[in-house]
Every structure is written in structure tokens, then in C-alpha cells.
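K.L.:
According to my numbering, the sequence shown is numbered sequentially starting from 42.
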Amino acid sequence: MVFWEGYVSDEAMGTFAPIVVYWLYAGLYQLLPPLDNYRLHTKKEEDEKNCVPLSSVIKGVLLQQLVQATVAQALFMVCSSTQFNSIHFV
């Protein structure tokens, strides 16, 4: 038994939990720049390599996650209705 069992379906958790974890991890990564001593690349090197603006990256990630969540929910609906229809009552 998990703590969300009475509140959220497993399908919703399977769809949205990875998205929430991604944004938490990305936010943590954005908070790390003050730790310059532990960086693999200097800030200058990172700025030279990152040609795409942050706003464009965020828009792309949000679009990808929207498509991912939509497809996942559609598959859950199709699979659940297929399983329900395949049950034969005696």
C-alpha cells in the first residue's frame, strides 16, 4: 500500500511522477552554480557550448512532456477498456 492510493490512480502517478521528478532535478541543477569548485566545465566553457536560450529549452521540454502525458493517458484508457471488454462473466 502506498500513500497516494486513495487519492491518485496508479496511471496518473505513472504519468506525472516522472515529470515532477524531472523538474525537481532540473531545479536542483539550476541551484548548483554557486558550487564553482566542483564544476566539470567552467562557466565560460558552458556558456560557449550552450547556444540555445533557456526559454527555448523550457518550451521544448514542456511540449515533449505534454505529448508524453497525452500518449500515456490515451494508452491507459485504451488498455483499461480493452481489459474490461475481454472479461467474460459466467
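Glycine included, C-beta positions come from ideal geometry on N, C-alpha and C.
Please report how far the alpha carbon of L76 lies from the alpha carbon of L103, in whole angstroms.
P.N.:
Within the sequence shown, numbered from 1, the residue matching residue 76 stands at position 35. Within the sequence shown, numbered from 1, the residue matching residue 103 stands at position 62. Taking the straight line joining both Cα atoms gives about 28 Å.
K.L.:
Do you know offhand how far G55's Cα is from F44's?
P.N.:
The sequence position of residue 55 within the sequence shown is 14, counting from 1. The sequence position of residue 44 within the sequence shown is 3, counting from 1. Spanning the two alpha carbons is a distance of roughly 14 Å.
K.L.:
Apart from the five residues just before and just after V119, which ones in its own chain have a Cβ nearer than 8 Å to its Cβ?
P.N.:
Sequence index remark: in the sequence shown, residue 119 carries index 78 (1-based). So the list is empty, once near-sequence residues are dropped.
K.L.:
Who are the Cβ neighbours of F57 in its own chain at under 8 Å, not counting the five residues just before and after it?
P.N.:
Taking the sequence shown and counting its residues from 1, one reaches residue 57 at position 16. Once the five neighbours on either side are set aside, the close Cβ partners of F57 are A110.
K.L.:
Alpha carbon to alpha carbon, what distance is there between V49 and K84?
P.N.:
Walking along the sequence shown from the start, residue 84 turns up at place 43. Walking along the sequence shown from the start, residue 49 turns up at place 8. For K84 and V49, the distance between alpha carbons rounds to 42 Å.
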